[in-house]
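Visitor:
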Amino acid sequence: MSKKPAKKTPAKKNAALLGVGLDNDDGHKRITKGEQFTLVGGSEETHGRMTETVVKTFEELKHRRKHLSEVEAKELAEIIHKSTPR
Numbered sequence: 035m036s037k038k039p040a041k042k043t044p045a046k047k048n049a050a051l052l053g054v055g056l057d058n059d060d061g062h063k064r065i066t067k068g069e070q071f072t073l074v075g076g077s078e079e080t081h082g083r084m085t086e087t088v089v090k091t092f093e094e095l096k097h098r099r100k101h102l103s104e105v106e107a108k109e110l111a112e113i114i115h116k117s118t119p120r
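Letter by letter, the sequence shown follows residues 35 to 120 of this note's numbering.
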């Protein structure tokens, strides 16, 4: 009797964003966590910009009806660039 290999269900892809600010001179430890992102460090201004960028990025993904794990790196880079405050 031959055995058939067990069917494997495709593994769910996990994805998250990590933002690291390196310009902190005031001694504050800034950490902001979300379901799919973590932001650490940076000056107050930098951390604020990173936070705004990640919020707008996830809003755009929602608008496109996509999850972070579904977008290609190039598309994500375009979304992040578009979402970064000027």
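In this text, a Cβ means the ideal position worked out from N, Cα and C, and glycines have one as well.
Since M84 and G61 should fall inside the 8 Å C-beta cutoff, what is the C-beta to C-beta distance between them, to a whole number of angstroms?
Guide: Between G61 and M84 the Cβ distance is about 18 Å, and since that is not below 8 Å, they are no contact.
Visitor: Whose CA, out of R98, V89, G68 and V74, lies closest to the CA of P119?
Guide: V89
Visitor: Measuring straight from C-alpha to C-alpha, what distance separates H97 and T87?
Guide: If I take the Cα positions, the gap works out to 15 Å.
Visitor: What is the DSSP secondary structure of L95, reduced to helix, strand or coil?
Guide: helix
Visitor: Do I65 and T91 have their beta-carbon atoms positioned less than 8 Å apart in this structure?
Guide: Not closer than 8 Å, so no.
Visitor: Using beta-carbon positions only, say whether K67 and S103 come within less than 8 Å of one another.
Guide: no
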